[in-house]
Amino acid sequence: MENYTVERSKVELTKEDFVSDQMVKWCPGCGDHAILSSVANVFPKIGYRKENFCLVSGIGCSSRFPYYVNTYGFHSIHGRAAAVSSGVKIANPHLSVWMATGDGDSLAIGGNHFIHIIRRNIDINIMLFNNQIYGLTKGQYSPTTPMGSFTKTSPQGTIEHPFNPGELILGAQGTFFARGVDTNPKMMTEIMFEAARHDGTSVVEILQNCVIFADKTHAQITSKDLRDDHQLHLKNGEPMLFGKEKNKGIRMRNSRLEAVEIGKDGITEDDILVHDQYQQDPGLHLMLAKMAPPHLPIALGVIRSAMYPTYDDLVEEQIKYAKENSKIKNMDDLLNSGDTWVIE
Amino acid sequence: MTGKTKKQFIEREDVVVKFVGDSGDGMQLTGTLFSDNAAIGGNDIATFPDYPAEIRAPHNTIAGVSGFQVHIGKKVHTTGDLCDVLVAMNPASLKANLKWAKIGATIIVDADSFDERSIEKAGYKTNPMDDGSLDKFNLIKAPVSSFTKESLKELTTDVKTAEKSRNMFALGIIYFIFDRKFDTTFEYLDKKFKKNPLVSEINKTVMKAGYIFAENVDALESQIHIPKATLEKGKYRNITGNVATAWGLLAASEKSGVPLFLGSYPITPATEILMELAKHKSLGAKVFQAEDEIAGICSAIGASFAGSMACTTTSGPGLSLKSEAIGLAVMTELPLVIVDVQRGGPSTGLPTKSEQSDLYQALFGRNGEAPCIVIAASSPSNCFYFAFEAAKLSMEHMTPVILLTDGYLGNGSQLFKIPKMADLPKINPPIAKPNDPDYKPYRRDPETFVRQWAIPGTEGLRHRIGGLEKENIIGTVSTDPQNHQLMVDLREAKVQKVADFIPLQTITGKENADILVVSWGGTQGAVLSAVEALQAEGKSIAHAHFNYIMPLPKNTADILSGHKKIIVCELNSGQFVNYLRMKHPENQYRQFNKVQGLPFFVNELTAAFNQILEEK
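Structure follows, in structure tokens:
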């Protein structure tokens, strides 16, 4: 199948090409600043013309993003960024379309559009800022807020089971899912680059800290004393090792994932699973996406990157086929097709 | 044909024929074959299908009755009120439709279908064929089922095939009554069943059998001749309003050179537009069947931003779901066509019936000061021109346009004089040029207040838009009070300015008539028929039918003044009349409303107008 790729830039671009003249109005210390910086690093490296980037967002703190990057940008309405960006990409597959959204925007009000854009595999890069809270409306619980959390709308603790976004994405037949944290911009830049290279819907979940309303919500993962034992950095083709000394690993036992220590109980590196982000079967990817402390580390990096045809390419294919094979080439043909008669 | 001589011919200006039966009896096809044949034979036609909400309701029940009405004549404005000929394939369909038959109408029933069980299932206590309840009609008891089987003896013994072709027997009877030739219908059958010539042969045989039966029935003493229509010379086709709407959008796309994008979600009675456009990928149409109504419009808004001629099609409840997004299109000043094929409401309402009750929603159904251009089609065939116009106004004025049609227009069909693309007006969208140093997102044309369309991918025009209020000209986010006032005023002025680009309102009749009848949208045929009937009697009555609603034509005040009385007729509780009271309070308005899911009937309109004329 033909690939309707984005046009390449003839000149080399730098971070400066994407700097916006707008003042960034996120709170000091907000994780969003680190995400913005990663994006500004990634865009010039992808190699596309700067006019071919289009950033679409919904509503929320994350969705102010388009104002802070100098591209074509569309700040739409709450929950609908996936639908708006689908229209942008289908209309012009030569654009590199990026979507900035949050846990409230995409997993609550926009949940329907979110699962369907993924199911269709439209070639859009989704940055899902997950701070487990509604920040812009000042601190109500979101679909990813851990159960029991005290927020302004759950004074006695939430009684809702949160979504694990990775589970939802893979359940919706996602072809690309990666996870990063705002405290590790280097890794974030790498996975954004991979997301850009992936043909199809790529979702990058960024565990992001809201300093005001859900500070340290990801502390189990990001705090200095816990992070080595609670983070697994996945690399394709490499064993799933973690810990400060890289002496811990993930193995499969009784159809379940298990964290083990190398050297203990006769365990060697051969027992440790090797990551294959490209495998079609999502089974192990789902198990990796669901891993969480304290018993297992959280999986970061590219969890899944499987090749499937994209919706936007198939649209172009069908149009091309129809144009080559239909007798109706223009409107006059259509108007005069079928049963017609002349009145003298 | 044997051409017996006992029959005589009667001349009629127009005739309404209704085919009714169980859904699955093939009534839609039967009706279409007859209307196409009449049209090719030179008559003017209008048709309307009347199908149940259920796809396959229980057999032989009232809920499962499906119908197709055909109005043919020398000149036809509507699909007709009451029918002159009713073909009923079972007791339930007779029971459900007898009220739509004129006194003295010819009623053809399949006598074989009136068995005890079917009569009871239809809700009859006694057999209507024998109990005298049909004495006011010319009842033809045709043994349709048994004669069909008999005629097929040599071709097939399959009971199901015989059952399925019963409708062709009925059609044969109708062809005799209206002295029609078989040729075009037989050609159609041969083409349709090219791969299965036996089926074509079966249908033709049964149809001939019906014709011969009719020839020999004493109760059918005469055949009816309808004079040919006096139509403008040219090439014609039959078209439904929904197909015409789809084609109008395609035509606007070709004419403007802007590719068409449709984002829609299936909803009765608008789905045919989505299905029709999905067929025409060879014309470059991109059709996105979205996961819901909101995604339909939002994908269209995204496509519009990316430089497509974007459309979304829906019906009342879907328009409600799209409200917030229409506001986004108003705010971002992007072109967008929203087609609302109105149905009975509120809520799910009467999905397969028609109403004009979404006018308020189209005019006012958004948060904030959010003006939209609102126009309405008034016949199945002019849906083509109003869809074209909606796209043209939307692109040239960079603002959403709501096109109102309705279930009767959408599903109804009519003759359509095929236009030449070269004769349609040009469309000039204000697309910004690459690297234009003066480009600003909200810089406007000083005359029309229209901003430019800067399409992603274009060099030197990177910019950001969105639902937040923007600063005039430069387009950055602004909460400045004076700026908001200015932007609200500019968006309103831009839409009002459209009045300079639409035709003036016309009037049928005298400018100082005793009564001016005002109507809008899909009721034109019925209202015009009523007005013409009274004008023919020499009464002082005039008619103004509105297609442009927001903004109103510039001469609206003049049109409305000078008449003794104004009566506004609409299929709602008075939405247009209240809009006129708001816009032109200098006049006194009376109103005639009906909210029954039914169209206006000509006789109820003439009665209402006569009553007012007779008042002192």
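Taken in sequence, the protein lines are chains A and B. At position 210 of the first sequence (counting the first as 1) the number is 195 in the working numbering, and the numbers step up by one without a gap. At position 517 of the second sequence (counting the first as 1) the number is 524 in the working numbering, and the numbers step up by one without a gap. Think of the CB as a built atom: it goes at the ideal place given N, C-alpha and C, for glycine as much as any other residue.
Problem set entry | Own chain residues within Cβ distance below 6 Å of T9(B), not counting five before or after | To locate residue 9(B), count along the second sequence from 1; it is residue 2. Residue placement at T9(B) cannot be trusted, given a pLDDT of 49 that sits under 50; what the coordinates show is reported in the next sentence. Answer for T9(B): no residue qualifies.
For this session: Give a yes or no on whether 9 Å exceeds the smallest Cβ distance from E261(B) to chain A.
Result: Locating residue 261(B) in the second sequence gives position 254, counting from the first residue. Closer than 9 Å: yes.
Exercise. Using the C-alpha atoms, what's the distance from Q76(B) back to T212(B)?
Worked result: Residue 212(B) sits at position 205 when you count from the first residue of the second sequence. Residue 76(B) sits at position 69 when you count from the first residue of the second sequence. Looking at the two C-alpha atoms, the distance is approximately 24 Å.
For this session: Excluding the 5 residues preceding and the 5 following S271(B) in the sequence, name in chain order all residues of the same chain whose CB lies nearer than 6 Å to its CB.
Result: Reading the second sequence from its first residue, position 264 is the one you call residue 271(B). Correct list, in chain order: L281, G303, T319 and T320.
Exercise. Exposed or buried, L541(B), counting other C-beta atoms within 10 Å across all chains shown (16 or more means buried)?
Worked result: The count along the second sequence starts at 1 and reaches residue 541(B) at position 534. It is buried - the Cβ of L541(B) has at least 16 other Cβ atoms within 10 Å.
For this session: Check distances from the C-beta atoms of the region 78 to 91 of chain A to those of chain B and list, in chain order, the residues that come in under 8 Å.
Result: H79 and L80
For this session: Kindly indicate if chain A contains any beta-carbon less than 9 Å away from that of H470(B).
Result: Residue mapping note: residue 470(B) aligns to position 463 of the second sequence, counting from 1. Closer than 9 Å to some Cβ of chain A, the Cβ of H470(B) qualifies, so yes.
For this session: Thinking F161(A) and T186(A) are a contact (beta carbons under 8 Å), I'd like their distance in whole angstroms, please.
Result: Residue 161(A) sits at position 176 when you count from the first residue of the first sequence. Residue 186(A) sits at position 201 when you count from the first residue of the first sequence. Indeed, because the Cβ distance is near 7 Å, the residues count as touching under 8 Å.
Exercise. For the region 328 to 362 of chain B, which residues have a beta carbon sitting closer than 9 Å to at least one beta carbon of chain A?
Worked result: E331, A332, G334, L335 and T339
For this session: Pick helix, strand or coil for R124(B), following the three-state DSSP scheme.
Result: One-based indexing of the second sequence puts residue 124(B) at position 117. Note: R124(B) maps to helix in three-state DSSP.
Problem set entry | Exposure of H280(A), with buried meaning 16 or more beta-carbon neighbours within 10 Å | Here residue 280(A) corresponds to residue number 295 of the first sequence, with the count starting at 1. Under this definition H280(A) is an exposed residue.
For this session: Give the secondary structure of M557(B) by DSSP, where H, G and I count as helix, E and B as strand, and everything else as coil.
Result: Working through the second sequence from its first residue, we reach residue 557(B) at position 550. M557(B): strand per DSSP, three-state reduction.
For this session: Find the residues of chain A that neighbour F312(B), judging by a C-beta separation of less than 7 Å, and give them in chain order.
Result: The residue you call residue 312(B) lines up with position 305 of the second sequence. Here the neighbours are F59 and V73.
For this session: Using a Cβ-Cβ cut-off of less than 8 Å, give me the residues of the region 282 to 301 of chain A that come near chain B, in sequence order.
Result: V300
Problem set entry | Between the CA atoms of A614(B) and S547(B) - distance to the nearest angstrom | On the second sequence, position 540 is the one that residue 547(B) refers to. On the second sequence, position 607 is the one that residue 614(B) refers to. The straight-line gap from Cα to Cα measures roughly 15 Å.
Exercise. Mind checking whether G217(B) and Y182(B) have CB atoms under 9 Å apart?
Worked result: Within the second sequence, numbered from 1, the residue matching residue 217(B) stands at position 210. Within the second sequence, numbered from 1, the residue matching residue 182(B) stands at position 175. Yes, these two residues count as a Cβ contact at 9 Å.
Problem set entry | Beta-carbon contacts of R19(B) that lie in its chain and below 6 Å, excluding the five residues immediately before and after | Translated into the one-based positions of the second sequence, residue 19(B) becomes position 12. Once the five neighbours on either side are set aside, the close Cβ partners of R19(B) are I231 and I233.
Problem set entry | Reference S401(B); option with closest CA among A377(B), V525(B), K424(B) and N435(B) | For the purposes of this step, residue 401(B) is taken as the residue at position 394 of the second sequence. When only C-alpha atoms are compared, the closest one is N435(B).
Problem set entry | Segment limits, alpha helix (DSSP H) that includes N418(B) | Taking the first residue of the second sequence as position 1, residue 418(B) is located at position 411. Taken as a continuous stretch (DSSP letters only), the alpha helix (DSSP H) holding N418(B) covers G414 to N418.
Exercise. What span of residues does the beta strand (DSSP E) with W83(A) cover, start to end?
Worked result: Mapped onto the first sequence, residue 83(A) falls at position 98. Taken as a continuous stretch (DSSP letters only), the beta strand (DSSP E) holding W83(A) covers S81 to G87.
Exercise. Can the beta-carbon of G414(B) be found less than 9 Å from the beta-carbon of T275(B)?
Worked result: The residue given as residue 414(B) occupies position 407 in the second sequence. The residue given as residue 275(B) occupies position 268 in the second sequence. Yes. Within cutoff.
For this session: Below 8 Å CB to CB, which residues in the same chain sit around V502(B) once its five sequence neighbours on both sides are set aside?
Result: Looking up residue 502(B) in the second sequence gives position 495. Only P378, C379, I380, H404, T406, M557 and P558 meet the Cβ criterion.
Exercise. Near L227(B), what residues of its chain come up, given a Cβ to Cβ distance below 6 Å and the 5 sequence neighbours on each side ignored?
Worked result: By 1-based counting over the second sequence, the position of residue 227(B) is 220. Result list for L227(B): A221, in chain order.
Exercise. Which stretch, first to last residue, makes up the alpha helix (DSSP H) that contains E222(B)?
Worked result: Locating residue 222(B) in the second sequence gives position 215, counting from the first residue. Here the alpha helix (DSSP H) through E222(B) covers P204 to N223.
Exercise. Which residues bound the alpha helix (DSSP H) around L535(B)?
Worked result: Here residue 535(B) is taken as the residue at index 528 of the second sequence, counted from 1. Segment Q531 to A543, the alpha helix (DSSP H) holding L535(B).
For this session: Just mark A500(B) as buried or exposed, buried being the case when its beta carbon has 16 or more other beta carbons within 10 Å.
Result: In the second sequence, the residue the question calls residue 500(B) occupies position 493. By the 10 Å Cβ count, A500(B) comes out exposed.
Problem set entry | Span separating the alpha-carbon of S125(B) from that of E170(B) | Along the second sequence, one-based indexing puts residue 125(B) at 118. Along the second sequence, one-based indexing puts residue 170(B) at 163. Computed Cα separation, rounded: 16 Å.
For this session: List the residues of chain B whose Cβ lies closer than 8 Å to the Cβ of P323(A), in chain order.
Result: Mapped onto the first sequence, residue 323(A) falls at position 338. It is Gly, not Pro, that sits at residue 323(A) in the sequence shown. Neighbours of G323(A) on chain B, chain order: R244.
For this session: Check the Cβ of P426(B) against every Cβ in chain A and list those closer than 8 Å, keeping chain order.
Result: Numbered from 1 along the second sequence, position 419 holds the residue referred to as residue 426(B). By Cβ distance, chain A contributes L320.
Exercise. So with Cβ pairs under 9 Å, would you call P51(A) a contact of chain B?
Worked result: Residue numbering aside, residue 51(A) sits at position 66 when the first sequence is read from its first letter. Yes - at least one Cβ of chain B is within 9 Å of the one on P51(A).
Exercise. Chain A partners of T465(B), CB-CB under 9 Å?
Worked result: Stepping through the second sequence from its first residue, residue 465(B) is reached at position 458. Going along chain A in sequence order, the residues near T465(B) (Cβ under 9 Å) are E36 and Y57.
Exercise. Mind pulling the beta strand (DSSP E) runs of 3 or more residues that sit fully within the region 195 to 233 of chain A?
Worked result: 216 to 218
Problem set entry | Own chain, CB closer than 7 Å to Y293(A), minus 5 neighbours either side, in chain order | Within the first sequence, residue 293(A) is the residue found at index 308, counting from 1. Taken in chain order, the residues that qualify are N106, T160 and G185.
Exercise. Chain B beta carbons: is any one of them nearer than 9 Å to that of W326(A)?
Worked result: Counted from its first residue, the first sequence places residue 326(A) at position 341. It does; some Cβ of chain B falls within 9 Å.
For this session: Give the secondary structure of H260(A) by DSSP, where H, G and I count as helix, E and B as strand, and everything else as coil.
Result: Within the first sequence, numbered from 1, the residue matching residue 260(A) stands at position 275. If DSSP states are grouped into helix, strand and coil, H260(A) belongs with coil.
Exercise. Based on the DSSP output, what are the partners of D21(B) in its beta bridges?
Worked result: Along the second sequence, one-based indexing puts residue 21(B) at 14. Note: D21(B) sits in a beta bridge opposite G80(B).
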